[in-house]
Amino acid sequence: MSTEQSRQSVSGLDVLISGGSMGGLFTGLALARAGHRPTIYERSAGALESRGGGIVAQQNIRRFLSEHGIVDPEAITTRSHERRFLAENGDVKRAVSETMVFTSWDALYRRLRDAFPDERYRTGTAVTAVTPETATVTIGDGTERTADVVVAAEGGQSTTRARLHPNVEPEFASYVAWRGVVDEAALPAACGEAFDGTFTFYQGTDQLVLAYFIPGPDGETEPGSRRLNWVWYDTLDGRDRGAIFTDTSGTERRFSVSPGRLRDPVRHRQRERAATLPPAFETLVSATPDLFVQAIYDLTVPAMVADRACLLGDAAFVARPHTAAGTAKAAGDATALADALASRGSVADALTAWSKTRTEHGASLVARGKQMGDVRLNLA
Ligand SMILES: Cc1cc2nc3c(=O)[nH]c(=O)nc-3n(C[C@H](O)[C@H](O)[C@H](O)COP(=O)(O)OP(=O)(O)OC[C@H]3O[C@@H](n4cnc5c(N)ncnc54)[C@H](O)[C@@H]3O)c2cc1C
Numbered sequence: 001m002s003t004e005q006s007r008q009s010v011s012g013l014d015v016l017i018s019g020g021s022m023g024g025l026f027t028g029l030a031l032a033r034a035g036h037r038p039t040i041y042e043r044s045a046g047a048l049e050s051r052g053g054g055i056v057a058q059q060n061i062r063r064f065l066s067e068h069g070i071v072d073p074e075a076i077t078t079r080s081h082e083r084r085f086l087a088e089n090g091d092v093k094r095a096v097s098e099t100m101v102f103t104s105w106d107a108l109y110r111r112l113r114d115a116f117p118d119e120r121y122r123t124g125t126a127v128t129a130v131t132p133e134t135a136t137v138t139i140g141d142g143t144e145r146t147a148d149v150v151v152a153a154e155g156g157q158s159t160t161r162a163r164l165h166p167n168v169e170p171e172f173a174s175y176v177a178w179r180g181v182v183d184e185a186a187l188p189a190a191c192g193e194a195f196d197g198t199f200t201f202y203q204g205t206d207q208l209v210l211a212y213f214i215p216g217p218d219g220e221t222e223p224g225s226r227r228l229n230w231v232w233y234d235t236l237d238g239r240d241r242g243a244i245f246t247d248t249s250g251t252e253r254r255f256s257v258s259p260g261r262l263r264d265p266v267r268h269r270q271r272e273r274a275a276t277l278p279p280a281f282e283t284l285v286s287a288t289p290d291l292f293v294q295a296i297y298d299l300t301v302p303a304m305v306a307d308r309a310c311l312l313g314d315a316a317f318v319a320r321p322h323t324a325a326g327t328a329k330a331a332g333d334a335t336a337l338a339d340a341l342a343s344r345g346s347v348a349d350a351l352t353a354w355s356k357t358r359t360e361h362g363a364s365l366v367a368r369g370k371q372m373g374d375v376r377l378n379l380a
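At position 26 of the sequence shown (counting the first as 1) the number is 26 in full-length UniProt numbering, and the numbers step up by one without a gap.
So this is what it looks like as structure tokens:
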């Protein structure tokens, strides 16, 4: 293990990362490139099962892929050139010229995972405790490991955050996002054409639905091998949240029900409700083999660092998806951490500076997401 005394940058640190999804991988890759020694612990035993959904490939994500030599971002992204708003009958009400770049969770995750060395990525290994004062983690079998810094990139249900900030709880925003992904080849041609090249929205009363093309699971971008991704924000409309979030095994989920796990009556009711959408969206929903649902919530922590432990990505802040920023924020947290260590004379200074700027950034994104969502869902 190294120490940091009186240097203008901190290098060669041992860093233990809890969580091997986007946040953990961005962090591991950024720190390894800066000369540190990151090890990732991921509690899932196999490859992470994708929810297969779309991600807006913000510029910093594309830059990360290029600068770290992971993949040419062009190879795993699709583009739209117009933001289009539909009327209920399907007519185009308004269209604005705008380029947006999209990717898919699975294509991006695979590229990041392939770029990170297997011997430093431990699957099936849950971190059960973090001791911030000594940068120690305890893993599932009781083994303790001590390093220079610990990063908890454990997502919105982070147990490390629950221990560091016991009074912080995700706050349900009173609406949900129904989601789905359909192979382009499985859609009627007219439906695919209606969405091609556009980022399409329909704003109804208390609901908002949008769709865009994403690459295939392995990043395929050729027409015919892409997928259409849709997100349908909907208020509960008097329905019982517990009933919607009780999956096929009878377990009530707090935040999401994965593809294939929605109970039949819940799935049928939402498909029926699709009749209130413009025809192209109705077709899209009915052609989707596996709808899934996610609760929309807000999460804010007062600080991202305690001694030598950092909270990163969704473990610290969850902004509503309207901001299209969750994955970009995780990438931004990771590169900012590597930059802070490179420009400060001690680990403590670097972590303090990092926490300050990224906490401000996270809090402002969450506030922006609340404002955007409440206006669009008529909750303001
Ligand atoms: C399987 C999966 C699929 C997703 N699909 C989409 C999508 O299609 N579209 C989209 O917009 N967003 C998706 N997300 C969310 C998106 O990845 C995040 O919002 C964003 O990228 C920030 O990621 P994160 O790494 O901070 O958190 P997350 O992506 O939530 O990852 C947290 C990771 O930490 C692991 N973990 C948690 N606790 C522990 C512990 N104690 N020890 C070890 N490991 C632990 C979890 O298993 C998980 O892999 C998905 C997330 C996951 C995990």
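Glycine residues also receive a C-beta, built at the ideal position from the N, C-alpha and C atoms.
- Looking from the CA of valine 151, the closest CA among Thr136, Ala47, Tyr212 and Gly140 belongs to Thr136.
- For alanine 126, the Cβ falls inside the 8 Å cut-off from some heavy atom of ligand 1.
- For serine 104, the uninterrupted beta strand (DSSP E) run begins and ends at 92 to 104, by DSSP.
- When DSSP reads this structure, tyrosine 212 sits in a beta bridge with Asn229.
- Three or more beta-carbon pairs separated by less than 8 Å link the region 262 to 271 to the region 289 to 302, which places the two stretches in contact.
- Rounded to whole angstroms, the separation of the alpha carbons of alanine 303 and proline 170 is 15 Å.
- Annotation note: the region 56 to 92 contains the following uninterrupted beta strand (DSSP E) runs of length 3 or greater, listed N- to C-terminal: 78 to 86.
- Between proline 217 and glutamate 184, the CB-CB gap reaches or exceeds 9 Å.
- With a threshold of 8 Å, the Cβ atom of serine 355 does not count as near ligand 1, since no heavy atom of the ligand is closer than that.
- For aspartate 264, no beta strand (DSSP E) segment is defined; the enclosing uninterrupted segment is the alpha helix (DSSP H) at 264 to 273.
- The beta carbon of alanine 87 sits closer than 6 Å to the beta carbons of Lys93 from its chain, once the five residues preceding and following it are set aside; these are given in chain order.
- Ligand 1 approaches tyrosine 41 closely enough that one of its heavy atoms is under 8 Å from the residue's Cβ.
- If you ignore the 5 residues before and after asparagine 229, its C-beta comes within less than 7 Å of the C-beta of Gly53, Gly54, Val181, Ala211, Tyr212 and Ile214, all in its own chain and listed in chain order.
- Relative to the Cα of glutamate 98, the nearest Cα in the group Ile70, Thr198 and Trp354 belongs to Thr198.
- When the alpha-carbon of valine 257 is set against those of Asp247, Asp264 and Val266, the nearest one is in Asp247.
- Assigned with DSSP and collapsed to three states, arginine 261 falls in coil, not helix or strand.
- With fewer than 16 other Cβ atoms inside 10 Å of its own Cβ, leucine 379 counts as exposed.
- Ligand 1 has no heavy atom closer than 8 Å to the beta-carbon of tryptophan 178.
- The region 55 to 70 makes no contact with the region 164 to 179, as fewer than three CB pairs between them are under 8 Å.
- Using a Cβ distance threshold of 9 Å, leucine 377 and glutamine 207 count as a contacting pair.
- Residues of the same chain with a CB within less than 6 Å of the CB of threonine 138, apart from the 5 flanking positions on each side, are Thr128, Ala129 and Glu144 in chain order.
- Looking at the DSSP output, tryptophan 178 bridges to Trp232 and Val293.
- For aspartate 349, the enclosing alpha helix (DSSP H) begins and ends at 347 to 376.
- Per DSSP, the unbroken beta strand (DSSP E) holding valine 130 starts and ends at 127 to 131.
- Beta-bridge partners assigned by DSSP to arginine 145: Val137.
- Within the same chain, Tyr41, Glu42, Arg43, Ile139 and Gly140 come within 8 Å of threonine 125 by CB-CB distance, once the 5 residues on both sides are set aside.
- If you draw a straight line from the Cα of tyrosine 121 to the Cα of aspartate 106, it comes to about 18 Å.
- Assigned with DSSP and collapsed to three states, serine 18 falls in strand.
- The closest CA to that of phenylalanine 26, considering only Ser50, Val71, Arg179 and Ala330, is found on Ala330.
- For threonine 200, the enclosing beta strand (DSSP E) covers residues 198 to 204.
- Between the beta-carbon of isoleucine 61 and that of threonine 327 there is about 6 Å, and that keeps the pair under the 8 Å contact cut.
- Boundaries cannot be given for alanine 324, as no beta strand (DSSP E) includes it and DSSP labels it neither H nor E.
- In this structure, the beta-carbon distance from arginine 110 to alanine 95 does not fall below 9 Å.
- In terms of side-chain proximity, the C-beta atom of glycine 260 is found no nearer than 8 Å to any non-hydrogen atom of ligand 1.
- The nearest non-hydrogen atom of ligand 1 is less than 8 Å from the C-beta of methionine 22.
- Two segments are said to touch when three or more pairs of C-beta atoms, one from each, lie closer than 8 Å; by this definition the region 347 to 364 touches the region 313 to 325.
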